[in-house]
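Asks: Take this structure first; my questions come after.
Numbering (my numbering), first residue to last: 136 to 475.
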């Protein structure tokens, strides 16, 4: 919202940043299409590309390991997962309830501004964190001092976001003083039609985020440039902002140096480069359909393009699975023999 506010202020637009954000959501094509790939993969029961090869190797290793354990000393593995979902659900529920109720109250009284968003998030996150500490103390015997130390370590990482935001404001001031938007608009006005501008922004955002590993850094860089240039060209502001966000999301999704990609591989306990390469084939196909979606949205300027893009993605992924994929049936671990 702060990036939108600064960019809109530079071009003289006065629309509320929260309203802009809500209007941008239907044009977040990559986010919706990336989520759609999950049920498509489940429905086809196939994998293609590097994922297919790695999955086949994993299942082969699992089958060999299962046969070895069964033939030597069959044991019944006990689950180490705590069944108390409340440790996760209660803090999450508290956070969502507070965010929803506070945003609704501000919306009905004063209108939602950046100050309201920041105060709402601060109150909700702090309360949810305290709820989590209480749950961990009750069910895991984790002392409050340890929970506080974990909270502080997490808060330290947010300093990086603050630095990026300050640098984004600085970049915005520099580009404004240099009239960067006017110059770029004059250079590309004769070669780039306004309808194609969001598509180009999406590609640039994906490449920037892929190389830097930061989606928010990409937002900060491109928002300060793409919005003024798009305004000068007469392109849709909603589409332009959505293209910045979707491009940053896709590049961050596939970047091997992104913190979220690293956390995903660590959380899944798999090789990091294998995680990057296996998801790359799906991300690239989804990104290509997203490019088509932004081209169509630039021409027709309607969010209903998303449904067309979903159909195209379904057909494209189904064909990819048919010609390049292979059905992978998981190997179930045989039950341990009971003592007679």
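For glycine and all other residues, C-beta sits at the position ideal for the given N, C-alpha and C. Please read all numbers here as calculations on a predicted model, not as lab measurements.
Quick check: the Cα distance between residue 182 and residue 363, rounded to an integer number of angstroms?
Replies: To locate residue 182, count along the chain shown from 1; it is residue 47. To locate residue 363, count along the chain shown from 1; it is residue 228. Approximately 42 Å between the Cα atoms of the pair.
Asks: Please state if the CB of residue 386 and the CB of residue 340 are separated by a distance shorter than 8 Å.
Replies: Reading the chain shown from its first residue, position 205 is the one you call residue 340. Reading the chain shown from its first residue, position 251 is the one you call residue 386. For residue 340 and residue 386, yes; Cβs fall inside 8 Å.
Asks: What are the boundary residues of the alpha helix (DSSP H) that residue 232 is part of?
Replies: Position 97 of the chain shown, counting from 1, holds the residue named residue 232. Segment 221-244, the alpha helix (DSSP H) holding residue 232.
Asks: Per DSSP, what kind of secondary structure is residue 312 in: helix, strand or coil?
Replies: As a position in the chain shown, residue 312 is number 177, starting the count at 1. Helix at residue 312.
Asks: Whose C-beta lies closer than 7 Å to the C-beta of residue 375 among residues of the same chain, with five residues either side of it excluded?
Replies: Indexing the chain shown from 1 puts residue 375 at position 240. Same-chain partners within the cutoff: 332, 333, 336, 361, 362 and 365.
Asks: Roughly how far, in whole angstroms, is the beta-carbon of residue 282 from the beta-carbon of residue 263, given that I think they are within contact range, below 8 Å?
Replies: Your numbering for residue 282 matches position 147 in the chain shown. Your numbering for residue 263 matches position 128 in the chain shown. Actually they do not touch by this definition, with Cβ atoms about 12 Å apart.
Asks: Enumerate in chain order the residues of its own chain whose CB-to-CB distance from residue 413 is below 7 Å, with the five nearest sequence positions on each side excluded.
Replies: As a working mapping, residue 413 is identified with position 278 in the chain shown. Within the same chain, residue 413 has close Cβ partners 185, 186 and 189.
Asks: If we count the other Cβ atoms within 10 Å of its Cβ and call it buried at 16 or more, is residue 452 buried or exposed?
Replies: Within the chain shown, numbered from 1, the residue matching residue 452 stands at position 317. Classification for residue 452: buried.
Asks: For residue 182, which three-state DSSP category applies?
Replies: Counted from its first residue, the chain shown places residue 182 at position 47. Of the three classes helix, strand and coil, the one that applies to residue 182 here is strand, per DSSP.
Asks: Between residue 233 and residue 222, what straight-line distance do the alpha-carbon atoms span, to the nearest angstrom?
Replies: The residue you call residue 233 lines up with position 98 of the chain shown. The residue you call residue 222 lines up with position 87 of the chain shown. Residue 233 and residue 222: Cα-Cα distance of roughly 18 Å.
Asks: Going by DSSP, name the residue or residues bridged to residue 461.
Replies: On the chain shown, residue 461 is found 326 positions in, with the first residue counted as 1. According to DSSP, which records beta bridges pairwise, residue 461 is partnered with 182.
Asks: Between the beta-carbon of residue 359 and the beta-carbon of residue 142, is there less than 8 Å?
Replies: Within the chain shown, the letter at position 224 stands for residue 359. Within the chain shown, the letter at position 7 stands for residue 142. Yes. Within cutoff.
Asks: Kindly indicate which three-state DSSP category residue 436 falls into: helix, strand or coil?
Replies: Along the chain shown, one-based indexing puts residue 436 at 301. Residue state, collapsed to three classes: coil.
Asks: Helix, strand or coil: which one does DSSP assign to residue 349?
Replies: Locating residue 349 in the chain shown gives position 214, counting from the first residue. Residue 349: coil per DSSP, three-state reduction.
Asks: Provide the residue span of the alpha helix (DSSP H) that contains residue 390, from first to last.
Replies: Indexing the chain shown from 1 puts residue 390 at position 255. First-last for residue 390: undefined, no H or E at that position.
Asks: In terms of alpha-carbon separation, which member of 246, 342 and 237 lies closest to residue 257?
Replies: One-based indexing of the chain shown puts residue 257 at position 122. Here the closest residue by C-alpha is 237.
Asks: If you scan the stretch 245-300 from start to end, which runs of the alpha helix (DSSP H) of 4 or more residues do you find wholly inside it?
Replies: The stretch 245-300 contains these whole alpha helix (DSSP H) runs: 249-275.
Asks: Could you name the residues of the same chain whose beta carbon sits closer than 8 Å to that of residue 449, not counting the 5 residues immediately before and after it, in chain order?
Replies: In the chain shown, residue 449 corresponds to position 314, counting from 1. Same-chain partners within the cutoff: 171 and 175.
Asks: Give the single residue among 384, 392, 368 and 266 whose Cα lies nearest to the Cα of residue 326.
Replies: In the chain shown, the residue the question calls residue 326 occupies position 191. It is 368.
Asks: For residue 210, count neighbouring Cβ atoms within 10 angstroms of its own Cβ and tell me buried if that reaches 16, exposed if not.
Replies: In the chain shown, the residue the question calls residue 210 occupies position 75. In this prediction, residue 210 scores a pLDDT of 48, lower than 50, which makes its location untrustworthy; the coordinate-derived value is nonetheless stated afterwards. Residue 210 comes out exposed.
Asks: Residue 214 to residue 224, Cα distance in whole Å?
Replies: By 1-based counting over the chain shown, the position of residue 214 is 79. By 1-based counting over the chain shown, the position of residue 224 is 89. The predicted model places residue 214 with a pLDDT of 44, which falls under 50 and marks its position as unreliable; any figure quoted below should be read in that light. If you take the alpha carbons of residue 214 and residue 224, they lie about 20 Å apart.
Asks: Within its chain, find whatever has a CB closer than 6 Å to the CB of residue 226; leave out the 5 residues flanking it on each side and keep chain order.
Replies: As a position in the chain shown, residue 226 is number 91, starting the count at 1. So the list reads 263, 266 and 267, once near-sequence residues are dropped.
Asks: What is the DSSP secondary structure of residue 148, reduced to helix, strand or coil?
Replies: For this step, residue 148 is matched to residue 13 along the chain shown. In this structure, residue 148 counts as coil in the three-state DSSP scheme.
Asks: From residue 422 to residue 383, what distance separates their C-alpha atoms?
Replies: Here the question's residue 422 lines up with position 287 in the chain shown. Here the question's residue 383 lines up with position 248 in the chain shown. One C-alpha to the other measures close to 11 Å.
Asks: To the nearest angstrom, how far is the alpha carbon of residue 145 from that of residue 151?
Replies: Stepping through the chain shown from its first residue, residue 145 is reached at position 10. Stepping through the chain shown from its first residue, residue 151 is reached at position 16. Taking the straight line joining both Cα atoms gives about 14 Å.
Asks: Kindly give me the distance between the Cβ atoms of residue 156 and residue 139, rounded to whole angstroms, as I take these residues to be in contact under 8 Å.
Replies: Sequence index remark: in the chain shown, residue 156 carries index 21 (1-based). Sequence index remark: in the chain shown, residue 139 carries index 4 (1-based). That belief holds up - the Cβ atoms of residue 156 and residue 139 are roughly 7 Å apart, short of 8 Å.
Asks: Output yes or no for whether 8 Å exceeds the beta carbon distance between residue 348 and residue 392.
Replies: One-based indexing of the chain shown puts residue 348 at position 213. One-based indexing of the chain shown puts residue 392 at position 257. Yes, the pair counts as a contact, with Cβ atoms nearer than the cut-off.
Asks: Starting from the Cα of residue 407, find the closest Cα among 394, 419, 418 and 260 and give me that residue.
Replies: As a first step, residue 407 is located in the chain shown; it is residue number 272 there, counting from the start. It is 394.
Asks: Could you compute how far the alpha carbon of residue 247 sits from the alpha carbon of residue 286?
Replies: Taking the first residue of the chain shown as position 1, residue 247 is located at position 112. Taking the first residue of the chain shown as position 1, residue 286 is located at position 151. Taking the straight line from one Cα to the other gives about 28 Å.
Asks: To which residues of the same chain is residue 166 closer than 7 Å at the C-beta, ignoring the five residues directly before and after it?
Replies: By 1-based counting over the chain shown, the position of residue 166 is 31. For residue 166, where only same-chain residues beyond five positions count, the Cβ hits under 7 Å are 381 and 384.
Asks: Cβ of residue 389 within 8 Å of Cβ of residue 418?
Replies: On the chain shown, residue 389 is found 254 positions in, with the first residue counted as 1. On the chain shown, residue 418 is found 283 positions in, with the first residue counted as 1. It is a contact, given that the beta carbons lie within the stated cut-off.
Asks: Roughly how many angstroms lie between the CA atoms of residue 216 and residue 420, to the nearest whole one?
Replies: If you number the chain shown from 1, residue 216 lands on position 81. If you number the chain shown from 1, residue 420 lands on position 285. Residue confidence for residue 216 is low, a pLDDT of 48 falling below 50, so the modelled location carries little weight and cannot support an answer.
Asks: Since residue 456 and residue 179 should fall inside the 8 Å C-beta cutoff, what is the C-beta to C-beta distance between them, to a whole number of angstroms?
Replies: By one-based count along the chain shown, residue 456 stands at place 321. By one-based count along the chain shown, residue 179 stands at place 44. With a Cβ gap of about 4 Å, residue 456 and residue 179 count as contacting.
Asks: Can you tell me whether residue 396 is buried or exposed? The criterion is at least 16 other CB atoms within 10 Å of its CB, across all chains shown.
Replies: What you label residue 396 is simply residue 261 of the chain shown in a count that begins at 1. Result: buried.
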